[in-house]
Structures are given as C-alpha cells and as structure tokens.
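Heads up: the structure comes next, in structure tokens.
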Amino acid sequence: MNHPLFLVCCRAVAALLLLLVLMSPVLVQWPASWHWDYLHWKLLPAAGFYLLLFSLFSKIRWGLVLLLPFVLLVPQEVFYLHTYQKSTDAHALAIVAETDLAEAAGYLTGIGVVLALAVLVLGLLWFYAVRTAWLLKWQWGQGWRPFLWLVFIGLGASLAWHEWQYQQLNKAAERKNPQETVFASRPLPYSHEKFHATYPLNLLLALNEFRVQREATAQVASQVEQFRFGVRQEPEISGRQIYLLVIGETLRPDRLQLNGYPRSTTPRLAGTANLVSYPDMISPWAWTRMSVPVMLSRKAGTDQRYFPTEASVVSAFKEAGFSTYWLSTQSPLGVHDSSIALHASEADQVQYLNPVGYRQEGFYDEILLPAVERVLAQNESKQLIVLHTLGSHFSYADRYPKHFDLFTPSGKGERISMHDRSARQKLNNAYDNTVAYTDFVLFNLINQLKQTNASAALLFASDHGENIFDGQCGKSGHGHNTEFDYRVAALLWFSDALKMQQPQKTQLAQSRREQPLSTTQLFDTLLDLANLSYPEQQLQQSWVSAQWQPAPRILQHGLDFDKASRDPVCKELSEPH
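Numbered per my numbering, the sequence shown spans residues 48 to 624.
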C-alpha cells in the first residue's frame, strides 16, 4: 500500500468532512426550490465567517483551534433545527441560562447519548485536522491574507451602510410615556434580520441580543429590588401551606363547560369538589406583556408603563417566609416577555421549560406537571408556585398533543392563518381542544396538591381573551377592543384543609362566583386567602374578604367595561351613547 497516498486521501477526506460538518446547519436548510437569498444570506456568509477566522493567523492550525466551539455545537444546532424548525436565538440562550441539571436531563431524554457521541466524533475529527495542520506546517501563501482582509473590510463597510439605512427606515416609534424604553420597541439590527438563521453567525447575534435584553431588564430590576410591602401572616396558618397561581393564556370563559358551554371542554374540572368558576372576570388589557403584570402586582389597569415600579405577589409571599417558584412554558426574553420576566426573577427558583416559547409547537404545558412535582417533593412548610402557561395561544393546534385532538377538523399539522375566515371551523375546534387540554393540566395540578394534604389553593386566571370569527364578526385574535378581548376564564380551587382553616373566606369565594370581577383584584385576593396583610392592604379588592366591594372595571384606555356601548356584530366597545 502506498502510505503517503493513503495519508493524503485521509487528510482530504477529513478536510471535506470538517467542512461539511461546519456547513451542515446551513445545508439542512437547503430550499425546496433554489433562490439567491439562500446563497447570499446563508451559504456565503457562513463560509466567509470561517474564512475570516482562518485568515487571522498565518498558520492554519490556529484558525482550526478557533473553530472548536463551532464544531462541537453543530450537533445541538442541527438537532434544534430538526426538532423546532428554527435556529438558536436569544430565547434558547435564556433557556440555557435558567436550566438546571434536572431540566437538562428531561430535555435530552432519548437523544442525550446520540448528541454526546456526535460531539465526541466531531471532536476527534477536529483534533485530527489540527494535528495534520501542525505536522505539515500548513500556512497562508504570501499576499493572500491582506487581500482577504480588504475584501472583508469592504463587506463590513457595506453591511454597516445597510445597517444605518435599515435603522433609519425602522426607527423605534416615539413613545408618549417617558417610562417606555427603547428596548421595548427598538428594531432588531439589520444583521439580525439577515443572518439570524445562518450558523454560526446566529450564535453571535443571539449572544449579543441576550446580553442587550438582560442588561435592559437588570437596570429596571435594580430599581424595584429594594421594594418592600411589609407583609406578615396574621394569624399564622398551621401546617403546610401551598398556593399555586396559574397564569392562563388567551382563554375565554364562555368556552368552559363549567360555565355552560355545550361542548365537553372541562369534563375533569366539572366533577372536582371545592372548585369555583368565575364567568364574569375581565382583564383590563388584551396584551400579555401588559395584562400579566396587572395580575401579579398592584399595578393599575390604566397604568401604561411597560416596566414595573414595584415588586409583585412573588416578593410579597417571600416577605412572609414562603419559598417561591416560577415555572414557565413561555419566553424569558423578548418585547412581549421581559416585563413579565422581571417579576419572575423575584422568585427563589425560576425555570423556563419550553425551548421555543409560543413560536413553534415545542413542549406542551403538561411538562409543568413533573416540575411542580419536584417542587412539592421538597416538602417545604410554605410554598408559592407561579405557573405561566401557553394555554390557548395561537397557533391553537400547536398547544396540545394529538390524543387531545377531540374536536375535528382542527387543522392540526396544517398551517392555518388565524385571519382566514374560511378556516373558522378548524380554528374553533382547535381552540376548544386547547380548553380540554387545559382542563387536563389543571385537574392534574389539583390532584398533586391534594396528595400533599396541605392547606392549599390553586388560583387560575387567563391573561386576556380572544376573537375567533364570532357570529358574523370578521375579527380574530386579540387587541380589537371587543368584549371577547377582555373576558377571561378564572377558577379557584381550595383543599379541604384550607376550607377548615378558612371557612369564611372559602364560603365568600363560592358566594361571589357570579360577581363582576377583574384580574386587578388577584393580588389582594391571593394575599388575603393566605392571611397575608400589609399596611396599605385594600381588602375591598379581595373577593374572599367581607370588605370586598364591586368597583368600576376600567380598561386600559379608561373605558368602563360594564357601561361601554357594544356594536351588534363584533361587540366592539366604545364610549356609552
């Protein structure tokens, strides 16, 4: 055998394999029909980035050394693309930042060994390439590196020019409220727009976006970090105490079987004792980023500020000696999530469990069940657990597993626009399936609480409602200022132990099932239910208090929900005639 020729072949094959490995996250996105954008914004930029790394040193081996992290991350990137049809972004990095070993083990179940083997093989391939470059003393020919630098400088200048033009065309809208920050409305960079799906540039862009968002939220968090309510539990409740606040998503009260809906959407909860449904609950906002902080804190429904000025129910319970937890299947970062993440960060332990948030199918809400089980297993005497669910967030058919595809046709597995009125039947069926799935999740959470024999309560409320081409109305989604935008599903369950210790409060909770309520009252109601008091407490806001009083339900723009006029087709709200 001609050993030199054999070695040459091995080196050529190794170099080709390494190149294919590095380009594989881009190659797996090969379009069904060729177009120049793929070449222009994916293939050439990826190859150019690697070439730039190589040109930094005259000796090739040092460029190969710099490639190591990108080589080792290829299997994860390909897996992420295959599983979630998206590239790694700031959301994914935030998930990693909040992930503990138990979550990682669950996330990698079934594929962890495959990924580990892939990383090992690629590591060996990279080592062989570095060793070869070292032994053979590979280096750039004279004049090539300066030429490449001139090319890259020209490309960088062109990119900078396009970035400037892009920012001028997409300037952040001026805000009337001085509390609104540029972070909340700024356009993403031009480079992010073009290279967010180009490996490994997407990793660098994601790291930068993660840094920017974390810095923005950290600045605001520092302003409320020292805030104190002065909460005390008076009188003390004996034995173990667990309070579970579940933030729902896009769930309307009229689609619950519990509230008279003809379909069997809540069969499990319908037979659950000590459960109260509140069909006349509203949210003052139809946007998650504004409605959830109102649920969690004393923030007024008409407060237009994006970021909070004081702490939430999480910190209030912490002051009273509770261990606090935030478990979420929504996003930890982003324009729609960062104001909520600030309150989440108040908890002792924070876990984001869905790698893709609401943008793809991802993980279903039932992934919260084992996470809650782990929290309960810690057997602490006082626990507050907040769950932020995906619930009925569009795309509805992505929010439940196939065996919950009960009402058909639902369009599950299809791409259906929420604005396509011809898909009205499928959208409504899929939406009802999300309700049935939420019934399953809540029922199991209640059973977990029952097994603790603790003084326990579960309070559920959705952040806002939804329009689904109701009647002859052509509106879908939320933010249309209709009655359907603001009506939200709300439930309260309490254990037998809590019922014995708080008989008056649990009786009042049941007696007020038909009263006009608002999510602005959740803060004081939950604290009152746990016997938590503070100097500025407003018991007239707590519907489990004898001092509760019906109050005008004022929406985000100052309109009284109950007095507003409604148009006959879409129930759009306006000033009373």
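For every residue, glycine included, the Cβ atom is placed at its ideal position computed from N, Cα and C.
Predicted, not measured: the structure shown is a model, and the values here were computed from it.
From what residue to what residue does the beta strand (DSSP E) around residue 429 run?
Taken as a continuous stretch (DSSP letters only), the beta strand (DSSP E) holding residue 429 covers 429-435.
Using the beta-carbon count (16 or more within 10 Å), is residue 132 buried or exposed?
It is exposed - the Cβ of residue 132 has fewer than 16 other Cβ atoms within 10 Å.
Which runs of the beta strand (DSSP E) spanning at least 3 residues fall entirely within the stretch 407-479, listed in chain order?
For the beta strand (DSSP E) assignment, the uninterrupted runs of no fewer than 3 residues enclosed by the stretch 407-479 are, from N- to C-terminal side, 429-435.
Cβ neighbours of residue 501 in the same chain (closer than 7 Å, five flanking residues each side left out)
Sequence-distant partners of residue 501 (beyond 5 residues in either direction) whose C-beta falls short of 7 Å from its own C-beta, in its chain, are 286, 287, 288, 289, 542, 544.
Could you name each continuous beta strand (DSSP E) segment of 3 residues or more that falls completely within the stretch 332-401, going from the start of the chain to the end?
Runs of the beta strand (DSSP E) inside the stretch 332-401: 370-375, 396-399.
Whole-Å CB distance - residue 628 paired with residue 371, under 8 Å assumed
Limits of the chain in this structure are 48 at one end and 624 at the other, which puts residue 628 out of reach.
Identify the continuous alpha helix (DSSP H) that holds residue 194 and give its terminal residues.
Following the DSSP letters along the chain, one finds residue 194 inside the alpha helix (DSSP H) bounded by residues 191-216.
Whole alpha helix (DSSP H) runs in the stretch 509-595 with 4 or more residues, listed along the chain?
Fully enclosed alpha helix (DSSP H) runs of 4 or longer: 530-533, 543-548, 550-558, 569-576.
State the DSSP-derived secondary structure class of residue 269, mapped to helix, strand or coil.
It is helical.
Give the range of the alpha helix (DSSP H) segment to which residue 323 is assigned.
In this chain, residue 323 is not harboured by any alpha helix (DSSP H); it is covered by the beta strand (DSSP E) spanning 322-324.
Please report the Cβ distance between residue 304 and residue 313, rounded to the nearest whole angstrom; I am assuming they are in contact, meaning their Cβ atoms lie under 8 Å.
Going by Cβ atoms, the distance from residue 304 to residue 313 rounds to 4 Å, so yes, they are a contact pair.
Can at least three beta-carbon pairs, one atom from the stretch 469-480 and one from the stretch 491-501, be found at a separation below 8 Å?
Between the stretch 469-480 and the stretch 491-501 there are fewer than three C-beta pairs closer than 8 Å, too few to call the two in contact.
Taking residue 275 as the reference, which of 213, 588, 584 has the closest Cα?
In this structure, 584 is the residue among 213, 588, 584 with its C-alpha nearest to the C-alpha of residue 275.
Start and end residues, beta strand (DSSP E) containing residue 605:
Neither: residue 605 is in no beta strand (DSSP E) and is coded neither H nor E.
Going by DSSP in three states, residue 290 sits in which element: helix, strand or coil?
DSSP places residue 290 in the strand class (E or B) of the three-state scheme.
Examine the Cβ distances between the stretch 463-470 and the stretch 518-530 and report whether three or more of them are shorter than 8 Å.
In short, these stretches touch, since the Cβ pair count reaches three.
Identify every residue that forms a DSSP beta bridge with residue 280.
Partner(s): 579.
Please look up how many angstroms separate the CB atoms of residue 597 and residue 562, rounded, as I've assumed it's under 8 Å.
The pair is a contact, with the Cβ atoms about 7 Å apart (cut-off 8 Å).
Leaving aside the five residues before and after residue 78 along the sequence, list all residues of the same chain whose C-beta is less than 7 Å from its C-beta, in chain order.
Cβ neighbours of residue 78 beyond the five flanking positions: 85.
Leaving out five residues before and five after residue 414 in sequence, what residues of the same chain have Cβ atoms less than 6 Å from its Cβ?
Correct list, in chain order: 400.
Please name the residue, chosen from 506, 124, 258, that lies closest to residue 74 on a Cα-to-Cα basis.
Distance check between residue 74 and each of 506, 124, 258 places 124 closest, using alpha-carbon atoms only.
Let me know if residue 430 comes out buried or exposed under the rule of 16 or more other beta-carbons within 10 Å of its beta-carbon.
Residue 430 should be labelled buried.
Under 9 Å between C-beta atoms of residue 112 and residue 170
Pairing residue 112 with residue 170 gives a Cβ-Cβ distance that is not under 9 Å.
May I ask you to report which of helix, strand or coil DSSP gives residue 106?
Looking at residue 106 - three-state DSSP - the assignment turns out to be strand.
Identify the continuous alpha helix (DSSP H) that holds residue 168 and give its terminal residues.
From DSSP, the alpha helix (DSSP H) with residue 168 extends over 159-183.
Apart from the five residues just before and just after residue 616, which ones in its own chain have a Cβ nearer than 6 Å to its Cβ?
Result list for residue 616: 519, 520, in chain order.
Only counting the same chain, and skipping five residues up and downstream in sequence, which positions put a Cβ closer than 8 Å to that of residue 282?
Here residue 282 has 578 as same chain residues with Cβ atoms under 8 Å from its own Cβ, once five neighbours each way along the sequence are excluded.
Go ahead and pull the three-state DSSP assignment for residue 295.
The three-state secondary structure of residue 295, taken from DSSP, is strand.
Do residue 508 and residue 293 have their CB atoms nearer than 9 Å?
Yes, these two residues count as a Cβ contact at 9 Å.
Where the alpha helix (DSSP H) containing residue 314 begins and where it ends
Counting along the chain, residue 314 sits inside the alpha helix (DSSP H) bounded by residues 314-317.
Whole-angstrom distance between residue 482 and residue 392, CA atom to CA atom:
Taking the straight line from one Cα to the other gives about 29 Å.
Should the stretch 550-561 be regarded as contacting the stretch 339-346, the criterion being three or more beta carbon pairs within less than 8 Å?
Contact fails between the stretch 550-561 and the stretch 339-346, because fewer than three Cβ pairs, one in each stretch, are under 8 Å apart.
Label residue 184 either buried or exposed according to how many other C-beta atoms from any shown protein chain fall within 10 Å of its C-beta, with 16 as the threshold for buried.
Label assigned to residue 184: exposed.
Ignore the nearest five residues each way along the sequence and tell me which others in residue 473's own chain have a CB closer than 7 Å to its CB.
Once the five neighbours on either side are set aside, the close Cβ partners of residue 473 are 456, 457, 458, 463.
Tell me whether residue 579, by its Cβ, gets closer than 8 Å to a heavy atom of the ligand NAP.
The ligand NAP is absent from the structure shown, which contains no ligand whatsoever.
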